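Sequence lines, in order, name chains P and E.
Read left to right, the first sequence gives residues 1 to 405 (UniProt numbering).
Read left to right, the second sequence gives residues 1 to 381 (UniProt numbering).
Beta carbons are placed, not taken as given, at the ideal position from N, Cα and C, and that holds for glycine.
Predicted model only: the values in this text are computed from it and were never measured.
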Amino acid sequence: MQYTEIMVRYGELSTKGKNQRDFVSRLGGNIRKSLHNFPKLEIYPKRDRTHVTLNGEDSEAVIERLKQVFGIQNFSPSLKVDRNMKAIHEGVLKMMTDQLKPGMTFKINTRRSDHNFEMDTNELNDDLGGFVLDHFPEAVVKMHHPDLILRVEVRNNGVFLSSETIQGAGGLPVGTAGKGMMMLSGGIDSPVASYLGMKRGVDMEMIHFFSPPYTSEQALAKAKELTSHLAAYAGSLQFIQVPFTKIQEEIKEKVPEGYLMTVQRRMMLRIAVAIAKKRGGKAIFNGESLGQVASQTMESMEAINDVTNMPILRPVISLDKTEIIKKAKEIGTYDLSILPFEDCCTIFAPPAPKTKPDTERTRYYEKRIDVEGLMKEAIDGVQVSEIKAGQNFLNQNEDVFAELL
Amino acid sequence: MIYFDNSATTKVAPEVLKTYQTVSEKIWGNPSSLHNMGELAFNLLEQSRKQIADLLNVKPHEIFFTSGGTEGDNWVVKGTAIEKRTFGKHIITTAVEHPAITNSMEQLKQLGYEITYLPVDKEGRISIQDLKDAIRPDTILVSIMAVNNEIGTLQPIKEAAEVLKKYPKIHFHIDAVQGIGKGIQSQIFNDRVDFITFSGHKFHAPRGIGFIYAREGRRIAPLMTGGGQEKNQRSGTENLPAIAGMAKALRLLLQNEKQNVQQQQSVKETIYDHVSKFENVTMFSHRNEGFAPHILCFAIKGVRGETVVHAFEKYDIFISTTSACSSKKQVESSTLAAMKTPEDIATSAIRVSLDAENTVAEAEKFNQVFDKLYAEFAKLN
């Protein structure tokens with residue numbers, strides 16, 4: 001049904017003492033960004049809850065979007081009606097028709113902040129309970145643990161009816177934990193890692209390495225599409241694309257096959273760290289999970305990690321592949337991740353990479369390439385764009401198609 | 001020309017034909033190809049799927065394209081039988097289904113499945129009590145049509161859905177080939193249904209295209225195995241021009257649905273109110289809410305249906321004996337037989353089936369011709 005406003009409650013952040021104000025205003029901003037395509041909405045962040053006035057915007061679509069915003073514990077859509085019994089009755093009837101199924105138990109829970117209203121709390125409970133029973137003879141009143149609680153709040157500016165409490169995404173508002181750089185390949189793991197990082201409040205920026213002509217435009221579009229999907233949890237995300245062709249060609253030419261991948265990853269990490277420092281990032285995030293493939297053994301991590309002392313956080317480090325896939329399906333990135341476009345990690349993958357590379361030897365082989373020069377060139381070619389939730393990259397012919405369909 | 005045989009097939013809409021042609025000429029790559037042409041075709045395929053899903057308020061991955069109603073019915077029935085064979089071999093359907101269902105069931109019977117055909121009353125409707133009584137621990141599928149294709153009876157699918165809520169493991173299939181765009185989507189897409197079959201050419205899309213809805217999480221075995229299209233559930237290169245055309249046809253069908261349903265209802269009533277007055281006429285469809293707005297079936301005593309069809313044809317009016325699929329065979333209507341209609345009356349049955357483009361003026365013309373023919377037929381008796 002169409003509601004008129006939504007009351008948003010916070011979870012963890014209520015306990016955050018003096019930081020609370022920052023958290024609340026950050027959450028308000030995130031809600032605003034995430035709901036950017038509903039221009040008529042009004043959003044009022046307050047200390048203990050945030051009020052969203054819908055002004056006629058589609059409540060179901062807004063509810064769906066709110067479910068994804070981190071930092072929201074739960075929220076209740078409500079219906080605002082005029083302060084007279086006729087209007088209240090109409091509103092109650094509308095909500096109960098929608099939600100009270102035969103055989104369900106219910107109770108009315110009235111609160112009255114305006115003591116001048118014609119009925120007091122008990123009279124209202126009584127009147128509305130009777131009203132519901134008249135219209136839904138099969139309904140049963142139950143005071144303890146009813147299936148449905150209809151909350152009625154009489155305030156000076158109107159009467160607010162609500163009955164549903166919808167679970168939010170939990171976590172902390174994106175941005176409250178500082179900025180991190182995510183190494184987003186386009187596979188299954190890195191989007192899940194991004195999600196988990198954002199859930200802990202990290203303002204994630206996506207770094208994607210691409211190697212035309214070895215990787216296609218579609219692979220780049222896929223990474224952007226994944227970012228747009230993840231942006232639903234943050235409002236919007238910065239997408240940083242790094243040209244990687246030259247580096248890969250150089251490594252392929254000069255480094256022994258067994259160390260190709262290790263050196264390549266070290267270059268990626270160096271570039272990511274350089275970008276992080278430039279943009280105020282405090283950590284690098286990636287989708288590594290222990291023991292999955294060649295690059296993800298502890299030896300390999302050590303050899304790659306050797307290039308920086310900036311923290312490298314790996315949110316999915318201890319998850320099984322099946323657990324990661326399950327999560328990817330939950331957050332809706334799985335179907336995108338499995339689209340069959342080559343990314344830069346797979347094109348030059350040697351048939352037998354060293355699973356236990358030696359850090360000293362890696363350093364030795366790496367001297368064969370011009371690390372500083374190649375890095376500078378790649379960083380000069382970086383392009384940054386802002387990607388918003390719901391933006392479309394894989395299917396840019398939508399307008400052409402609109403005429404056909 | 002007055003075309004009153006829309007349950008047999010409908011004319012492809014000009015807008016749909018235009019889409020079909022444009023896609024055939026410009027977006028003819030194979031959606032599975034990796035290059036740009038394939039990519040473009042793939043995107044149009046998915047966009048079409050999304051449009052259909054949005055129009056029906058379901059998720060895009062719950063829509064699977066087929067070659068039409070017969071394939072959809074075959075797939076759900078046999079696909080369930082294969083998928084769930086270890087859980088049981090009992091299937092419930094009704095005595096008035098389309099042959100695509102009935103003959104699939106008969107084939108399964110040969111393979112050792114047990115089929116219960118629910119009987120129908122005088123209006124061609126099953127009873128919910130019969131359904132309740134028929135359910136067994138080894139029942140794997142209940143398949144019920146939304147709208148009967150011969151006389152237009154609406155089956156109590158919502159009530160059936162309520163019953164089946166107590167048996168969450170049974171697949172519930174609705175054959176909605178005649179039920180789309182007739183104002184009953186909310187009954188068809190109820191919260192218990194698992195599979196629904198649709199056919200494009202019943203709503204102005206080309207032949208050879210249709211789709212099924214399959215609720216997320218419900219599995220049936222594929223019948224078409226091969227290159228893995230449709231998430232490995234229905235292989236075969238996608239018929240993209242027809243798919244895009246069908247997505248458009250569905251949009252056009254649903255955009256003025258309420259008004260269109262009213263229009264068909266008033267055309268139906270105009271004919272109903274006229275012909276039902278005649279002594280020798282037996283009405284099988286009725287005016288009440290238990291019947292679809294677009295199908296009207298009745299018989300003129302003593303005159304074979306085929307004779308009536310040809311007599312109307314002389315006046316450029318096209319109607320049919322019951323279902324087009326069986327009308328060329330010399331069998332009486334299976335629905336009417338299930339309703340225990342005496343054979344001599346059943347062989348006289350004719351069906352008028354409407355579309356939003358039909359008008360009350362056409363109905364009045366039909367009535368005039370009917371009067372003339374009725375008088376001529378009276379001489380025969």
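Near residue i, which residues of its chain fall below 7 angstroms by C-beta distance, leaving aside the five closest residues on each side in sequence?
i	result
Thr70 (chain E)	Ala100
His229 (chain P)	Gly332, Thr333 and Leu336
Phe131 (chain P)	His89 and Val92
Lys158 (chain E)	Gln187 and Asn190
Ala243 (chain P)	Residue identity differs from the one stated: residue 243 (chain P) is Pro in this sequence, not Ala. Excluding positions up to five away in sequence, the list reads Phe210, Ala378 and Gly381.
Glu238 (chain E)	Pro31, Leu45, Phe65 and Gln229
Ala272 (chain P)	Met181, Met183, Ile207 and Ile284
Lys182 (chain E)	Val147, Val261, Ala292, Pro293 and His294
Ile151 (chain E)	Gly124, Phe284, Ser285, Ile295, Cys297 and Thr335
Asn57 (chain E)	Phe189
Ile108 (chain P)	Asn125, Leu128, Gly129, Leu150 and Val152
For the candidate residues the options, whose alpha-carbon lies nearest to that of residue i?
i	options	result
Ala378 (chain P)	P:Met267, P:Val52, P:Asp203 and P:Glu299	P:Met267
residue 382 (chain E)	E:Val369, E:Trp28 and E:Leu34	No statement about residue 382 (chain E) is possible, as the shown extent of chain E runs from 1 to 381 and does not include it.
Lys184 (chain E)	E:Val147, E:Pro206 and E:Ala13	The amino acid at residue 184 (chain E) is misidentified as Lys; the sequence shows Ile. Nearest of E:Val147, E:Pro206 and E:Ala13 to Ile184 (chain E), Cα basis: E:Val147.
Ser235 (chain E)	E:Val352, E:Trp75, E:Ile27 and E:Pro14	E:Trp75
residue 433 (chain P)	P:Leu260, P:Phe75, P:Leu394 and P:Thr105	Coverage of chain P is limited to positions 1 through 405, which leaves residue 433 (chain P) absent and any answer about it impossible.
Asn30 (chain E)	E:Gly227, E:Ser276, E:Lys372 and E:His286	E:Gly227
His36 (chain P)	P:Met204, P:Gly235 and P:Ser78	P:Gly235
Phe65 (chain E)	E:Thr347, E:Gln229 and E:Ala95	E:Gln229
Asn286 (chain P)	P:Ser190, P:Asp358 and P:Tyr195	P:Ser190
Lys202 (chain E)	E:Asn103, E:Ala8 and E:Ile2	E:Ala8
Lys295 (chain E)	E:Val308, E:Ala349 and E:Tyr167	The displayed chain sequence assigns Ile, not Lys, to residue 295 (chain E). It is E:Ala349 whose Cα lies nearest to the Cα of Ile295 (chain E).
Pro77 (chain P)	P:Thr121, P:Lys354 and P:Val8	P:Val8
Tyr214 (chain P)	P:Asp343, P:Phe401 and P:Lys356	P:Asp343
Ser334 (chain E)	E:Asn103, E:Ser353 and E:Gln47	E:Asn103
Ala242 (chain E)	E:Ile220, E:Leu56, E:Arg207 and E:Asp130	E:Arg207
Lys379 (chain E)	E:Glu343, E:His310, E:Lys365 and E:Val303	E:Val303
Thr321 (chain E)	E:Lys314, E:Phe172, E:Ala311 and E:Glu306	E:Glu306
Cys86 (chain E)	E:Pro119, E:Lys169 and E:Gly38	In the sequence under discussion, the amino acid at residue 86 (chain E) is Thr, which differs from the Cys named in the question. Minimum Cα distance to Thr86 (chain E) is reached at E:Lys169.
Asn19 (chain P)	P:Ser34, P:Tyr3 and P:Arg47	P:Arg47
Gly68 (chain E)	E:Ile271, E:Arg287, E:Val193 and E:Met246	E:Met246
residue 413 (chain E)	E:Gln110, E:Ala134 and E:Gln107	Here chain E covers residues 1 to 381 and nothing more, so residue 413 (chain E) does not appear.
Thr93 (chain E)	E:Gly112, E:Asp73, E:Ile82 and E:Ala311	E:Asp73
Arg155 (chain P)	P:Asp126, P:Ser113 and P:Asp134	P:Ser113
Thr19 (chain E)	E:His204, E:Asn367 and E:Gly79	E:His204
Arg21 (chain P)	P:Gln264, P:Pro45, P:Lys252 and P:Arg279	P:Pro45
Gly71 (chain P)	P:Pro137, P:Thr4 and P:Tyr233	P:Tyr233
Which residues does DSSP list as the beta-bridge partners of residue i?
i	result
Phe239 (chain P)	P:Met206 and P:Ser385
Lys46 (chain P)	In DSSP, Lys46 (chain P) forms no bridge with anything.
Glu153 (chain P)	P:Arg111 and P:Phe160
Val141 (chain P)	P:Phe106
Asp126 (chain P)	Answer by DSSP bridge pairing: none, since Asp126 (chain P) is not bridged.
Thr94 (chain E)	E:Leu118
Leu260 (chain P)	Bridge partners of Leu260 (chain P): none, in fact.
Gly210 (chain E)	E:Thr66 and E:Ser199
Met145 (chain E)	E:Asp175
Can you list, in chain order, the residues of its chain whose CB lies under 6 angstroms from that of residue i, leaving out five sequence neighbours each side?
i	result
Gln263 (chain E)	Ala356
Arg26 (chain P)	Pro173, Gly175 and Thr176
Leu108 (chain E)	Ala81
Within its chain, find whatever has a CB closer than 8 angstroms to the CB of residue i; leave out the 5 residues flanking it on each side and keep chain order.
i	result
Pro156 (chain E)	Arg125, Ile126 and Ile128
Glu250 (chain P)	Ile369, Asp370 and Leu374
Ile317 (chain P)	Glu288, Ser289 and Leu290
Gln265 (chain E)	Pro293
Gln296 (chain P)	Glu288, Ser289 and Leu290
Lys94 (chain P)	Met1 and Leu79
Ile212 (chain E)	Ile63, Phe64, Thr66, Gly72, Trp75, Val76, Phe195, Ile196, Thr197 and Phe198
Any heavy atom of the ligand MN closer than 7 angstroms to the beta-carbon of residue i?
i	result
Phe393 (chain P)	For the ligand MN, the structure offers nothing, since it holds no ligand at all.
Taking Cβ-Cβ distances below 8 angstroms as the criterion, which residues of the region 32–66 of chain E are in contact with chain P? Leu34, Glu39, Leu40, Asn43, Leu44, Glu46, Gln47, Ser48, Gln51 and His61
Contained alpha helix (DSSP H) runs [length at least 4] in the region 34–89 of chain E, N- to C-terminal order: 36–56 and 69–83
If contact means a Cβ-Cβ distance below 7 angstroms, which residues of the region 218–247 of chain P contact chain E? Gln218
Interfacial residues, the region 185–218 of chain E to chain P, with Cβ spacing under 7 angstroms: none
If you scan the region 315–378 of chain E from start to end, which runs of the beta strand (DSSP E) of 3 or more residues do you find wholly inside it? 349–353
At which residue ranges does the region 309–358 of chain P contain complete alpha helix (DSSP H) runs of 4 or more residues, listed in the order of the chain? 321–331, 334–337 and 344–347
For the region 232–254 of chain E, which residues have a beta carbon sitting closer than 9 angstroms to at least one beta carbon of chain P? Ala244, Gly245, Ala247, Lys248 and Arg251
Runs of beta strand (DSSP E) lying entirely within the region 256–313 of chain E, each at least 3 residues, in chain order: 281–283 and 295–300
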